[in-house]
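In what follows, a single structure is set out as structure tokens and then discussed.
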Amino acid sequence: MKPIAIDDFCAVRSLANVTFSPEGTSACFIVSQAKKEKNCYESRLYLLKGGRVRALTGGGKESSFCYLDENTVLFAGDREGEKEPSLTSRFYKIALDGGEADLAYTFPIPVSQVFPLKNGDLLVVGSTFPGFENLYKGDKKLVKAYFDDKKENEDYEVISQLPWWWNGGTYTRGAYESLFYYDAKKKSLTRLTDAGFNVSDVQLAEDQKTVYFSLLDVSVPRPAHFGGQDLYRIDLASRRQELVVKSRPDFVIATYALGKSFLLVMAADGKFGMNTDCDFYKLDYETLAVTPYAVYGEAIGTSVGCDVRHGGGQAFKMDGDVLYFISTRFDGAGLYKLEDGAVSPVLVRDGSVDCFDRKNGKMLLCALWDVKPQELYDETGRRVTHFNDAMLRGKYVAQPDPLNLTAGDHEVHGFILKPMDFEAGKKYPVIFDIHGGPKTVYGPVFYHEMQYWASRGYFVIFCNPTGSDGRGAFMDIRGKYGTVDFDDLMAFCDAALAKYPEMDADNLFETGGSYGGFMTNWIIGHTDRFRACASQRSISNWTSFYGVSDIGPDFSEDQCGSTIWPDVEKFWWHSPMKYADKVKTPTLFLHSLEDYRCPVDQGYQMYSALIAHGVESRLVLFRGENHELSRSGKPKHRIRRLNEITGWFEQHKG
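Residues 36 to 689 (the working numbering) are what the sequence shown spells out, left to right.
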């Protein structure tokens with residue numbers, strides 16, 4: 036058997052956004068792959084029809100598409116090139132039976148979504164820029180004025196809102212999304228929603244007479260990004276906008292689905308703070324009355340961690356008045372249905388269903404099953420694609436060995452990967468990998484970094500401590516960071532060592548990112564059992580995190596279970612920085628300079644504290660990367676990151 040190599044994630048092809056044609060005779064989806072030499076990702080549109088799979092496009096930048104009709108697909112792309120600064124978006128159409136893609140639509144603004152209408156027109160979701168709200172009209176003088184203003188002010192940032200930046204982007208500068216109507220004959224856009232309101236979660240009714248969407252007032256100093264959605268609709272004949280239902284503290288709307296006879300609302304009662312999972316409600320299309328439909332309280336969509344995904348897709352879909360949806364339960368994500376107020380499983384296996392579509396009783400699921408990268412499966416669970424067979428052929432893939440234990444009054448679930456060429460009685464080093472979130476889960480899926488370490492001769496252990504998703508109230512860790520979760524992790528580590536005496540307790544290493552980075556920082560201040568640790572994209576100080584993260588004020592107060600004024604001492608008590616003078620463990624810190632979720636100052640603080648106290652430490656910073664470095668960072672940066680962590684552990688082996 037050959038080992039999994041450090042760059043083998045570049046051989047993985049990731050699948051996303053599987054979508055049936057209007058009549059269900061074909062399906063399209065996106066296939067993405069990391070390109071090491073180009074240091075980028077390429078994505079292409081693929082077709083599945085009659086049991087055959089083939090690429091529809093070869094440009095390498097296709098990631099957004101929709102069906103125009105049964106035989107034609109519309110996709111976003113840029114095949115013309117721009118010689119001057121431009122905001123232009125282009126969409127191309129391609130016939131499924133062959134031929135080249137033709138330019139179909141050109142828009143004067145960035146466009147993220149289009150919804151084809153039966154009359155040949157479109158609904159369009161596009162960007163609006165404060166001070167230049169009329170750029171969508173395509174006036175070249177206004178476009179020039181926009182770029183002139185941008186150049187004149189490129190050395191300055193004027194901030195008047197909270198948050199002022201978002202992870203993976205830059206300073207927000209107040210830009211937002213609007214809903215437009217595109218007249219195909221006139222080739223003109225008309226804005227349907229008011230200036231100063233951001234549009235999201237757009238859904239077009241099946242009869243195409245009404246469009247539903249969420250609106251958020253972004254003209255105020257602190258938009259309610261975490262207060263739930265306010266749902267609106269527009270009658271396309273009259274263009275009249277109407278409020279459908281508003282969120283409130285005990286009814287925080289996450290999303291919705293359009294059924295045949297009622298609208299299904301997914302909303303949380305806030306009992307467990309901002310991480311509360313949703314229940315289901317029925318909304319009458321005529322009266323707009325809302326009534327409870329089903330108590331659920333579990334996660335919608337997949338929370339299963341993985342580093343070989345790229346892109347998304349549908350997590351739920353109505354078929355008549357039956358909701359089909361992905362849900363995270365315990366350590367995996369499966370497909371379920373809600374019918375007549377009752378939830379039942381449809382297709383649930385070890386691993387994760389990442390997205391799906393359903394049409395005329397047929398289904399296609401993009402899933403991480405059998406400890407393999409993503410493939411497509413049908414409604415029976417039969418695999419219908421084989422994109423990743425070749426990259427795994429002859430390779431050692433460690434199979435996750437479940438380990439469940441009782442810690443206090445609850446169970447902790449986890450897994451163990453054995454090292455390659457494992458021999459009973461021989462000692463092996465151990466890497467303890469802690470997930471982020473904390474409201475996510477580890478499951479029995481293909482995780483490249485873990486498989487790489489197993490191929491390097493390490494045991495890899497990982498678990499889902501208190502705060503993890505998939506178990507209802509189990510995820511409620513507000514005000515308890517560093518207490519019961521820490522105890523769970525240490526108990527799991529003890530249980531793993533007890534199960535496999537081949538694990539070398541003197542060569543025990545630990546790493547984690549985001550919440551896992553917080554926990555790494557906490558661990559080194561509370562135990563010396565690890566020979567070396569690697570803290571990634573971490574939180575070290577809740578009092579400063581409050582003011583620098585894109586989610587700081589909301590997330591820190593919610594997760595610390597209090598308000599920073601006057602309860603700053605509680606925030607400090609839960610901060611690893613408070614215990615930095617106790618650290619003895621050699622620790623590597625990794626941060627991305629454009630990570631605005633867990634900003635780099637959090638790493639600076641811990642690194643400075645350790646150096647000041649004479650503890651061996653190393654800080655590695657990545658330019659041009661953000662909070663997603665380990666999952667979608669530039670391929671060469673991902674390799675460097677994994678080399679840094681592995682090298683740090685190798686260096687500190689006893």
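Ideal placement from N, C-alpha and C gives every residue a C-beta, glycine not left out. Since this is a predicted model, take the numbers as computed values, not measurements.
Query - Residue interval of the beta strand (DSSP E) (run including glutamate 333) - result: Indexing the sequence shown from 1 puts residue 333 at position 298. Counting along the chain, the unbroken beta strand (DSSP E) around glutamate 333 starts and ends at 325–335.
**Report entry** glycine 449, enclosing beta strand (DSSP E) - first and last residue
**Finding:** As a working note, residue 449 is residue 414 in the sequence shown. From DSSP, the beta strand (DSSP E) with glycine 449 extends over 445–452.
Query raised in the report: Quick check: the region 348–355 against the region 68–77, are there 3 or more CB pairs under 8 Å?
Result: Contact fails: fewer than three Cβ-Cβ distances are below 8 Å.
**Report entry** Of the residues Ser387, Gly386, Leu370, the one placed nearest serine 379, counting alpha carbons only
**Finding:** Within the sequence shown, residue 379 is the residue found at index 344, counting from 1. Of Ser387, Gly386, Leu370, the residue nearest in Cα terms is Leu370.
Query - asparagine 188 (DSSP reduced to helix, strand or coil) - result: Against the sequence shown, residue 188 aligns to sequence position 153. Coil at asparagine 188, not helix or strand.
Query raised in the report: Going straight from the alpha carbon of proline 258 to that of leucine 197, what length do you get?
Result: Looking up residue 258 in the sequence shown gives position 223. Looking up residue 197 in the sequence shown gives position 162. The straight-line gap from Cα to Cα measures roughly 7 Å.
Query - Contact check, phenylalanine 657 vs serine 610, beta carbons under 7 Å - result: Taking the sequence shown and counting its residues from 1, the one referred to as residue 657 is at position 622. Taking the sequence shown and counting its residues from 1, the one referred to as residue 610 is at position 575. Cβ atoms of phenylalanine 657 and serine 610: not closer than 7 Å.
Query - Classification of valine 193 by the beta-carbon crowding that lies within 10 angstroms, buried from 16 upward - result: Position 158 of the sequence shown, counting from 1, holds the residue named residue 193. Classification of valine 193: exposed, given that the 10 Å Cβ count is below 16.
Query raised in the report: Does the Cβ of alanine 647 have 16 or more other Cβ atoms within 10 Å, making it buried, or fewer, making it exposed?
Result: Position 612 of the sequence shown, counted from the first residue, corresponds to residue 647. By the neighbour-count rule (16 or more Cβ atoms within 10 Å), alanine 647 is not buried but exposed.
**Report entry** Beta-carbon proximity of phenylalanine 565 to leucine 532, cut-off 7 Å
**Finding:** Start at 1 with the first residue of the sequence shown, and residue 565 comes out as number 530. Start at 1 with the first residue of the sequence shown, and residue 532 comes out as number 497. In this structure, the beta-carbon distance from phenylalanine 565 to leucine 532 does not fall below 7 Å.
Report task. Grab me the residues of threonine 337's own chain with a C-beta within less than 7 Å of its C-beta, minus the 5 sequence neighbours each way, in chain order. Result -> Here residue 337 refers to the residue found at position 302 when the sequence shown is read from its first residue. Closer than 7 Å at Cβ, skipping near neighbours: Ile361, Thr363, Ala368, Ser387, Val388, Asp389.
Query raised in the report: Between the beta-carbon of aspartate 520 and the beta-carbon of threonine 501, is there less than 7 Å?
Result: Walking along the sequence shown from the start, residue 520 turns up at place 485. Walking along the sequence shown from the start, residue 501 turns up at place 466. A contact, by the Cβ cut-off of 7 Å.
**Report entry** C-alpha distance - valine 108 paired with leucine 138, whole-angstrom precision
**Finding:** In the sequence shown, counting from the first residue as 1, residue 108 sits at position 73. In the sequence shown, counting from the first residue as 1, residue 138 sits at position 103. Straight through space, the alpha carbons of leucine 138 and valine 108 are spaced by roughly 12 Å.
Report task. Taking all protein chains shown into account, decide if serine 503 is buried (16 or more other Cβ within 10 angstroms of its Cβ) or exposed. Result -> If you number the sequence shown from 1, residue 503 lands on position 468. Buried, by the Cβ-count rule.
**Report entry** Residues near isoleucine 65 by beta carbon distance below 8 Å, same chain, minus five either side
**Finding:** Position 30 of the sequence shown, counted from the first residue, corresponds to residue 65. Excluding residues within five positions, the ones whose Cβ falls inside 8 Å are Leu50, Ala51, Asn52, Ser78, Arg79, Leu80, Tyr81, Glu97, Ser98, Phe100, Gly346.
Report task. Just the C-alpha distance for tryptophan 200 and glutamate 374, rounded to the nearest angstrom, thanks. Result -> Locating residue 200 in the sequence shown gives position 165, counting from the first residue. Locating residue 374 in the sequence shown gives position 339, counting from the first residue. Whole-angstrom Cα-Cα distance: 41 Å.
Query raised in the report: Distance, Cα to Cα, alanine 350 vs aspartate 236?
Result: In the sequence shown, residue 350 corresponds to position 315, counting from 1. In the sequence shown, residue 236 corresponds to position 201, counting from 1. C-alpha of alanine 350 to C-alpha of aspartate 236: approximately 13 Å in a straight line.
Query raised in the report: Would the region 412–419 and the region 316–335 be scored as touching if the rule is three or more Cβ pairs under 8 Å?
Result: The answer is no - the region 316–335 does not touch the region 412–419, with fewer than three Cβ pairs under 8 Å.
Query - Opening and closing residue of the alpha helix (DSSP H) in which cysteine 595 lies - result: Within the sequence shown, numbered from 1, the residue matching residue 595 stands at position 560. Here the alpha helix (DSSP H) through cysteine 595 covers 587–595.
Query raised in the report: Is it the case that the Cβ atoms of proline 454 and tyrosine 493 are separated by a distance below 7 Å?
Result: Here residue 454 is taken as the residue at index 419 of the sequence shown, counted from 1. Here residue 493 is taken as the residue at index 458 of the sequence shown, counted from 1. Against a cut-off of 7 Å, the Cβ pair of tyrosine 493 and proline 454 comes out as a contact.
Report task. Evaluate contact between the region 205–212 and the region 156–164, counting only Cβ atoms and requiring at least three cross-stretch pairs below 8 Å. Result -> Look at the beta carbons and you see the region 205–212 touching the region 156–164: at least three pairs across the two are nearer than 8 Å.
Query raised in the report: Expressed to the nearest angstrom, what Euclidean distance is found between the alpha-carbon atoms of valine 88 and alanine 62?
Result: By 1-based counting over the sequence shown, the position of residue 88 is 53. By 1-based counting over the sequence shown, the position of residue 62 is 27. Taking the straight line joining both Cα atoms gives about 10 Å.
**Report entry** Alpha-carbon spacing of aspartate 252 relative to isoleucine 469, whole angstroms
**Finding:** Here the question's residue 252 lines up with position 217 in the sequence shown. Here the question's residue 469 lines up with position 434 in the sequence shown. Approximately 37 Å, taken between the alpha carbons.
Query raised in the report: How big is the Cα-Cα spacing for glycine 551 and valine 383?
Result: If you number the sequence shown from 1, residue 551 lands on position 516. If you number the sequence shown from 1, residue 383 lands on position 348. Between the C-alpha atoms of glycine 551 and valine 383 there is a straight-line separation of about 28 Å.
Query raised in the report: leucine 654: which of Phe684, His421, Tyr642 sits nearest, CA to CA?
Result: Along the sequence shown, read from residue 1 onward, the residue named residue 654 stands at position 619. Nearest option by C-alpha distance: Tyr642.
**Report entry** Top-ranked residue by Cα proximity to lysine 372, from Arg632, Asp563, Phe391
**Finding:** For this step, residue 372 is matched to residue 337 along the sequence shown. Of all alpha-carbon atoms in Arg632, Asp563, Phe391, the one lying nearest the alpha-carbon of lysine 372 is that of Phe391.
Report task. Express the C-alpha separation of glycine 582 and valine 149 in angstroms, rounding to a whole number. Result -> Counting from one through the sequence shown, the residue named residue 149 turns up at place 114. Counting from one through the sequence shown, the residue named residue 582 turns up at place 547. Computed Cα separation, rounded: 36 Å.
Query raised in the report: Along the chain, which unbroken stretches of the alpha helix (DSSP H) at least 4 residues long are found entirely within the region 472–554?
Result: DSSP runs (the alpha helix (DSSP H)) wholly in the region 472–554: 483–490, 519–534.
Query raised in the report: What's the call for tryptophan 577, buried or exposed, on a 16-neighbour Cβ count within 10 Å?
Result: Residue 577 sits at position 542 when you count from the first residue of the sequence shown. By the 16-neighbour rule on beta-carbons within 10 angstroms, tryptophan 577 is buried.
Query raised in the report: What residues are listed by DSSP as bridge partners for serine 249?
Result: Position 214 of the sequence shown, counting from 1, holds the residue named residue 249. According to DSSP, which records beta bridges pairwise, serine 249 is partnered with Ser235, Leu266.
Report task. State buried or exposed for alanine 272, treating a residue as buried only when at least 16 other CB atoms are found within 10 Å of its CB. Result -> Counting from one through the sequence shown, the residue named residue 272 turns up at place 237. Residue environment analysis places alanine 272 among the exposed positions, since fewer than 16 neighbouring C-beta atoms fall within 10 angstroms of its C-beta.
Query raised in the report: Would leucine 278 be called buried (16 or more neighbouring beta carbons within 10 Å of its own) or exposed?
Result: Here residue 278 refers to the residue found at position 243 when the sequence shown is read from its first residue. Only exposed fits leucine 278, as fewer than 16 other CB atoms lie within 10 angstroms of its CB.
Query raised in the report: In chain order, what residues of the same chain lie with their CB nearer than 6 Å to the CB of glycine 471, ignoring the 5 residues before and after it?
Result: Translated into the one-based positions of the sequence shown, residue 471 becomes position 436. Excluding positions up to five away in sequence, the list reads Gly548, Ser549, Tyr550, Gly551.
Query raised in the report: Unbroken beta strand (DSSP E) runs of length 3 or more, entirely within the region 650–677: which are they?
Result: Scanning the region 650–677 from its first residue to its last, the whole beta strand (DSSP E) runs of 3-plus residues come out as 652–657.
Query - Length of the line joining the Cα atoms of lysine 185 and lysine 175 - result: Translated into positions along the sequence shown, residue 185 becomes position 150. Translated into positions along the sequence shown, residue 175 becomes position 140. In this structure, the CA atom of lysine 185 is about 15 Å from the CA atom of lysine 175.
Requested in this report: Identify every residue that forms a DSSP beta bridge with tyrosine 102.
Outcome: Along the sequence shown, one-based indexing puts residue 102 at 67. Tyrosine 102 is bridged to Val108.
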